[in-house]
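Student: Okay, handing you the structure first.
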Amino acid sequence: MPEVPLLKVKDLVRRYKLPRESLLRAPGEVLALNGVSVRVMAGRSLGVVGESGSGKSTFARLVMALERPTSGSVLLSGRDLNAMPADELRCARRDFQMVFQDPYGSLDPRQTIARIVAEPLTALGKLDRASLRERVAGVLRQVGLRDADIDKYPHEFSGGQRQRIAIARALITQPKLIVADEPVSALDVSVQAQVLNLLQDLQEQFGLSYILISHDLAVVDYLCDEIVVMYLGRVVEQGSSEDLFACGAHPYTRALLDAVPRAKAGAVRQRRQAFATASHSAAGSGCPYAPRCPLADQHCRDVPPRLHEIGPNHLAACHKAEAVMALPPLAEAGSALVPDRHGA
Ligand code: ADP
Ligand code: MG
192 MPEVPLLKVK DLVRRYKLPR ESLLRAPGEV LALNGVSVRV MAGRSLGVVG
242 ESGSGKSTFA RLVMALERPT SGSVLLSGRD LNAMPADELR CARRDFQMVF
292 QDPYGSLDPR QTIARIVAEP LTALGKLDRA SLRERVAGVL RQVGLRDADI
342 DKYPHEFSGG QRQRIAIARA LITQPKLIVA DEPVSALDVS VQAQVLNLLQ
392 DLQEQFGLSY ILISHDLAVV DYLCDEIVVM YLGRVVEQGS SEDLFACGAH
442 PYTRALLDAV PRAKAGAVRQ RRQAFATASH SAAGSGCPYA PRCPLADQHC
492 RDVPPRLHEI GPNHLAACHK AEAVMALPPL AEAGSALVPD RHGA
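Just so you know, we're using our numbering here: the sequence shown kicks off at 192 and counts up by one.
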């Protein structure tokens with residue numbers, strides 16, 4: 192029997208209504224997710240990259256069933272999260288937990304670490320105080336904090352330590368999947384690698400799966416077997432990190448790669464953020480990337496490309512994928528494909 196994916200996301204669409212600007216006009220809409228499909232096998236990790244506004248956090252909230260999709264489905268171990276009765280969903284939450292970007296905003300400043308970290312477990316049902324404290328102390332040790340930290344408050348910790356607390360909170364239900372939305376973006380560069388190392392150690396120890404979301408390809412490359420590149424709510428490329436780095440097939444992937452520091456080894460460094468901004472409104476009927484793409488021709492502007500296979504486990508949504516793949520990796524390709532990088 193074929194193995195059931197831990198997570199199977201199918202044709203996920205999420206529309207948001209924008210605030211009405213005038214009484215005479217219908218309110219506008221944003222298609223934050225426009226038909227995203229991915230699967231994650233148990234113990235494997237998926238990286239999701241794309242610039243701000245590409246729909247990454249919307250994807251995370253839908254996978255976590257914090258919001259309902261406009262259409263499409265999210266299956267965890269074969270069970271449709273949006274078709275479950277509330278009670279069943281509450282129990283199922285044991286298996287998937289989330290770590291948010293902001294280690295300051297995501298921890299309630301008025302609660303002790305004991306209560307914060309225990310919260311996902313207490314939400315599942317009653318446990319006596321002594322065994323709760325024991326469980327909390329256990330996960331604190333797993334993330335490199337001390338037993339004595341249990342009665343402190345969030346303000347007593349540094350940014351990196353707070354993110355460790357957030358990871359401990361996610362771990363306490365012994366989940367199969369952790370969705371981490373920009374987990375290191377708010378941290379000092381020197382601390383980013385420590386937190387990524389911790390996530391990697393925990394994965395090895397517990398066989399966890401991650402969905403790691405970042406605007407930075409170098410961050411997801413660190414931890415993920417497979418990467419999807421998102422642009423304006425769609426997956427524009429999907430493949431192993433080796434394939435993406437060696438023969439990225441979408442011009443947007445190449446542009447992201449060009450922004451990754453050349454010295455990939457060592458600590459993850461901040462990358463330049465000098466792209467022109469993507470806009471839902473600028474995209475016409477053709478390829479949504481065409482307005483920014485140096486290779487776009489009339490066909491690209493008229494006909495939207497479909498996500499199609501361009502190699503084993505390698506998909507891209509680009510009419511010129513083969514030409515892009517044939518370009519040399521990184522440095523040389525970057526200059527040809529990122530004309531607006533220096534502040535258009
Ligand atoms: P990312 O995390 O990649 O930066 P988001 O998922 O936050 O992207 O946002 C994708 C798009 O959806 C953006 O255009 C954003 O403005 C819009 N959006 C996200 N959440 C909402 C919301 N609750 N209401 C209206 N628009 C939203
Ligand atoms: Mg986001």
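Virtual Cβ for every residue (Gly too), placed ideally from N, Cα, C.
Predicted model, so just to flag it, every value in this text is computed and none were measured.
1. Please state whether DSSP places P519 in a helix, a strand or coil.
2. What do you reckon, are the CB atoms on L298 and A357 nearer than 9 Å?
3. Can you confirm whether the segment 323-332 touches the segment 408-415 when touching is taken to mean that 3 or more C-beta pairs between the two stretches lie within less than 8 Å?
4. If you draw a straight line from the C-alpha of S476 to the C-alpha of R483, how long is it?
5. Quick check on DSSP: helix, strand or coil for R360?
6. Considering only C-alpha positions, which residue in the set D449, T249, M255 and Q429 is nearest to K367?
7. If I measure Cβ to Cβ from E194 and keep anything under 8 Å in the same chain, skipping five residues before and after, which residues do I get?
8. Please determine whether the Cβ atom of G439 lies at a distance below 8 Å from any heavy atom of the ligand ADP.
9. Is M421 near the ligand ADP, in the sense that its beta carbon is under 8 Å from a heavy atom of that ligand?
10. Output needed for G370: all residues of its chain with C-beta closer than 8 Å, excluding positions within five of it in sequence on either side, in chain order.
11. Looking only at its own chain, which residues have a Cβ that is under 8 Å from the Cβ of L273, when we skip the five neighbours before and after it?
12. At what residue ranges does the segment 239-291 contain a whole run of the beta strand (DSSP E), taking only runs of 3 or more?
13. In chain order, what residues of the same chain have a beta carbon less than 8 Å from the beta carbon of D379, not counting five sequence neighbours either side?
14. Answer yes or no: the CB of T249 versus the heavy atoms of the ligand ADP, is any distance below 8 Å?
15. Can you tell me whether T249 is buried or exposed, with buried defined as 16 or more other CB within 10 angstroms of its CB?
16. Can you tell me whether DSSP reads R460 as helix, strand or coil?
17. Which two residues bound the contiguous beta strand (DSSP E) that contains E220?
18. Starting from R425, follow its DSSP beta bridges and name the residues at the other end.
19. If you measure between the beta carbons of C438 and L237, is that distance less than 9 Å?
20. For the candidate residues S243, A314 and A309, whose alpha-carbon lies nearest to that of D342?
21. If you draw a straight line from the C-alpha of R285 to the C-alpha of G398, how long is it?
22. Alpha carbon to alpha carbon, how far is E433 from M516? Give it in angstroms, no decimals.
23. Please classify H346 as buried or exposed, where buried requires at least 16 other C-beta atoms within 10 Å of its C-beta.
24. Exposed or buried, Y207, counting other C-beta atoms within 10 Å across all chains shown (16 or more means buried)?
25. From what residue to what residue does the alpha helix (DSSP H) around L536 run?
26. Going by beta-carbon coordinates alone, are A446 and E513 separated by less than 9 Å?
27. Taking just the CA atoms, how far does L312 sit from R281?
28. Since I believe R425 is in contact with V229 (beta carbons under 8 Å), could you give me their beta-carbon distance rounded to a whole number of angstroms?
29. So which of G329, T364, Q365 and V382 has the shortest CA-CA distance to R353?
30. Would V204 and S262 qualify as a contact pair, given that the criterion is a beta-carbon distance under 9 Å?
31. Which value, in whole angstroms, describes the spacing of the CA atoms of Q302 and G219?
32. DSSP three-state label for V337, please.
33. Is the beta carbon of S297 within less than 8 Å of some heavy atom of the ligand MG?
34. By DSSP's criteria, L387 is part of a beta bridge. Which residues make up the other side?
35. Following a CB-centred definition, is L209 positioned closer than 8 Å to any heavy atom of the ligand ADP?
36. Is V221 near the ligand ADP, judged by its Cβ being under 8 Å from some heavy atom?
Tutor: Reading from the atomic positions:
1. Looking up residue 519 in the sequence shown gives position 328. Note: P519 maps to coil in three-state DSSP.
2. Against the sequence shown, residue 298 aligns to sequence position 107. Against the sequence shown, residue 357 aligns to sequence position 166. Yes, the pair counts as a contact, with Cβ atoms nearer than the cut-off.
3. With a cut-off of 8 Å, the segment 323-332 and the segment 408-415 do not count as touching, because too few Cβ pairs lie within range.
4. By 1-based counting over the sequence shown, the position of residue 476 is 285. By 1-based counting over the sequence shown, the position of residue 483 is 292. When rounded, the distance between both Cα atoms is 14 Å.
5. Your numbering for residue 360 matches position 169 in the sequence shown. Here R360 sits in helix by DSSP.
6. Here residue 367 corresponds to residue number 176 of the sequence shown, with the count starting at 1. Residue M255 is the option with its Cα nearest to K367.
7. If you number the sequence shown from 1, residue 194 lands on position 3. Excluding positions up to five away in sequence, the list reads M232 and A233.
8. Numbered from its first residue, the sequence shown carries residue 439 at position 248. Outside the cutoff, so no.
9. Taking the first residue of the sequence shown as position 1, residue 421 is located at position 230. Answer for M421: yes, Cβ within range of the ligand ADP.
10. For the purposes of this step, residue 370 is taken as the residue at position 179 of the sequence shown. The sequence given here places Val at residue 370; Gly does not occur at that position. Only A251, V254, M255, F287, Q288, M289, V290, Y401, I402 and I404 meet the Cβ criterion.
11. Here residue 273 is taken as the residue at index 82 of the sequence shown, counted from 1. For the record, residue 273 in the displayed sequence is Asn; it is not Leu. So the list reads A256, R259, P260, S264 and V265, once near-sequence residues are dropped.
12. Counting only runs of 3 or more, we get 262-267 and 287-290.
13. Sequence index remark: in the sequence shown, residue 379 carries index 188 (1-based). Contacts found: G350 and G351.
14. As a working note, residue 249 is residue 58 in the sequence shown. T249: yes, Cβ under 8 Å from the ligand ADP.
15. Working through the sequence shown from its first residue, we reach residue 249 at position 58. Answer is buried; the Cβ neighbour count reaches 16.
16. Taking the first residue of the sequence shown as position 1, residue 460 is located at position 269. Caution applies to R460, whose pLDDT of 34 falls short of 50 and renders its modelled position unreliable; the model cannot decide the point.
17. Translated into the one-based positions of the sequence shown, residue 220 becomes position 29. Taken as a continuous stretch (DSSP letters only), the beta strand (DSSP E) holding E220 covers E220 to V231.
18. Here residue 425 refers to the residue found at position 234 when the sequence shown is read from its first residue. DSSP, once it has assigned bridges, lists Y422 as partnering R425.
19. By 1-based counting over the sequence shown, the position of residue 438 is 247. By 1-based counting over the sequence shown, the position of residue 237 is 46. No.
20. Along the sequence shown, one-based indexing puts residue 342 at 151. The candidate whose alpha carbon is nearest that of D342 is A309.
21. As a working mapping, residue 285 is identified with position 94 in the sequence shown. As a working mapping, residue 398 is identified with position 207 in the sequence shown. Between R285 and G398, the C-alpha separation is close to 16 Å.
22. In the sequence shown, the residue the question calls residue 516 occupies position 325. In the sequence shown, the residue the question calls residue 433 occupies position 242. So the alpha carbons of these two residues sit roughly 13 Å apart.
23. For the purposes of this step, residue 346 is taken as the residue at position 155 of the sequence shown. H346 is exposed by the Cβ-count criterion.
24. Mapped onto the sequence shown, residue 207 falls at position 16. The residue is exposed, with fewer than 16 neighbouring Cβ atoms inside 10 Å.
25. Not covered by the structure: residue 536. The range shown for the chain is 192 to 535.
26. For the purposes of this step, residue 446 is taken as residue 255 along the sequence shown, with counting starting at 1. For the purposes of this step, residue 513 is taken as residue 322 along the sequence shown, with counting starting at 1. Contact annotation: A446 and E513 have beta-carbon atoms that are not nearer than 9 Å.
27. Numbered from 1 along the sequence shown, position 90 holds the residue referred to as residue 281. Numbered from 1 along the sequence shown, position 121 holds the residue referred to as residue 312. Between R281 and L312, the C-alpha separation is close to 11 Å.
28. In the sequence shown, residue 229 corresponds to position 38, counting from 1. In the sequence shown, residue 425 corresponds to position 234, counting from 1. Going by Cβ atoms, the distance from V229 to R425 rounds to 12 Å, so no, they are not a contact pair.
29. The sequence position of residue 353 within the sequence shown is 162, counting from 1. Closest by alpha carbon: V382.
30. On the sequence shown, position 13 is the one that residue 204 refers to. On the sequence shown, position 71 is the one that residue 262 refers to. With contacts defined as CB atoms closer than 9 Å, V204 and S262 qualify as a contacting pair.
31. To locate residue 302, count along the sequence shown from 1; it is residue 111. To locate residue 219, count along the sequence shown from 1; it is residue 28. Roughly 40 Å between the two C-alpha positions.
32. Along the sequence shown, one-based indexing puts residue 337 at 146. Per the sequence presented here, residue 337 reads as Arg, with Val not at that position. Of the three classes helix, strand and coil, the one that applies to R337 here is coil, per DSSP.
33. Locating residue 297 in the sequence shown gives position 106, counting from the first residue. Not under cutoff, so the answer is no.
34. Residue 387 sits at position 196 when you count from the first residue of the sequence shown. L387 is bridged by DSSP to nothing; it lacks a bridge partner.
35. Walking along the sequence shown from the start, residue 209 turns up at place 18. Yes.
36. The residue given as residue 221 occupies position 30 in the sequence shown. True, at least one ligand heavy atom lies under 8 Å from that Cβ.
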